[in-house]
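Residue numbers (my numbering): 3 to 309.
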């Protein structure tokens, strides 16, 4: 009897030690989870700051390019040895504009490596004009009259944007067939804002994904193609080639001066940042789930042994 009681006492002490060890481990796990939750909050703040800074940089880059124009289709070597003198004489002839004061070009060059294959598309030319109003006049004329002709070649003149803005614009332009098919009015504004009107209700989109979801919501709804408010084309285009809505045009190359945190661009950039830190975020989420599960359980209590 005494031997059995002694054995039971030893097993009880061993169980108490094990339970104390479990409690220590749970306490440590809760502490680590609290630390990870704090780090998660810090990462979110950093993500927000990075998105804001990247949006700022994109905006500043677009502003630095506001005096630039991009010429497409000019044959290679057409400019000779002096690109600035060539453009200074060609641009007034192409646009039929009388510049006052005279047109001055600060710099110009082709984009991309040289090539001798005449079957390839000519490299674009980027020209930086001295006066912003001259760039605006050329772009407005190109929008209304273009494309221009040099010999047998079609010449297009467009605005110059940053890489991020160009990607946004391309994604918006890829949705134009769907907009036309659904009979909606639309226009692409500087730098990357799509204006859409459906049944006299207009809406602005800064994110191509949001616009795609908006169009999906109308996929099973019949459209009245005879409605004059849902015509496919407005008959006018902005500098990027998209049609404009009726009414006066907004001035200035950038229309998002007070909206640096555009929803669409923020969403896309946040996805990129999360791709880089996905493993960390997954680990934090796992620990968070474990924490919630442990909190829902009753706390461990030491085992009582009858004397």
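The C-beta atom is built at its ideal place from N, Cα and C for all residues, glycine as well.
Quick caveat, the model's predicted, so the values are computed rather than measured.
Should residue i go down as buried or exposed, given a rule of 16 or more other Cβ atoms within 10 Å for buried?
i           : result
residue 171 : buried
residue 71  : buried
residue 198 : buried
residue 187 : buried
residue 17  : exposed
residue 60  : buried
residue 87  : exposed
residue 285 : Low per-residue confidence applies at residue 285: pLDDT is 49, beneath 50, and the placement is therefore not dependable, though the value from the model is reported in the following sentence. Exposed is the call here.
residue 207 : buried
residue 19  : exposed
residue 67  : buried
residue 22  : exposed
residue 43  : exposed
residue 47  : exposed
residue 29  : exposed
residue 4   : exposed
residue 55  : exposed
residue 57  : buried
residue 53  : buried
residue 12  : exposed
residue 265 : The predicted model places residue 265 with a pLDDT of 47, which falls under 50 and marks its position as unreliable, so this point remains unresolved.
Out of the options, state which residue places its alpha-carbon closest to the alpha-carbon of residue i.
i           : options            : result
residue 192 : 185, 163, 135, 136 : 163
residue 126 : 132, 101, 24, 161  : 161
residue 190 : 203, 202, 209      : 209
residue 79  : 194, 19, 123       : 123
residue 101 : 41, 135, 77, 154   : 135
residue 181 : 194, 200, 168, 149 : 200
residue 179 : 150, 27, 217, 203  : 217
residue 119 : 94, 105, 168, 77   : 77
residue 83  : 10, 7, 112         : 112
residue 169 : 105, 194, 15, 9    : 194
residue 133 : 32, 146, 104, 165  : 104
At the level of alpha carbons, what is the spacing between residue i and residue j?
i           : j           : result
residue 243 : residue 98  : Because the pLDDT at residue 243 is just 41, under 50, the model does not fix this residue reliably, and the point stays unresolved.
residue 51  : residue 40  : 17 Å
residue 36  : residue 26  : 15 Å
residue 110 : residue 117 : 18 Å
residue 148 : residue 73  : 11 Å
residue 2   : residue 38  : Nothing in the structure corresponds to residue 2, since the chain is present only between 3 and 309.
residue 24  : residue 45  : 31 Å
residue 81  : residue 62  : 31 Å
residue 6   : residue 14  : 12 Å
residue 165 : residue 114 : 15 Å
residue 8   : residue 34  : 39 Å
residue 139 : residue 152 : 20 Å
residue 85  : residue 205 : 43 Å
residue 31  : residue 10  : 31 Å
residue 211 : residue 121 : 36 Å
Whole-angstrom Cβ separation of residue i and residue j, contact assumed at under 8 Å?
i           : j           : result
residue 196 : residue 174 : 5 Å
residue 141 : residue 69  : Rounded, the Cβ-Cβ distance is 11 Å, inconsistent with contact.
Does the distance from the CB of residue i to the CB of residue j come in under 7 Å?
i           : j           : result
residue 1   : residue 144 : In the structure as shown, the chain starts at 3 and stops at 309, and residue 1 therefore has no counterpart that could be examined.
residue 215 : residue 177 : no
residue 155 : residue 90  : no
residue 107 : residue 137 : no
residue 150 : residue 96  : yes
residue 167 : residue 49  : no
Taking only heavy atoms of the ligand NAP into account, decide whether any of them is closer than 6 Å to the Cβ of residue i.
i          : result
residue 76 : In terms of ligand content, the structure shown is empty, and the ligand NAP therefore cannot be addressed.
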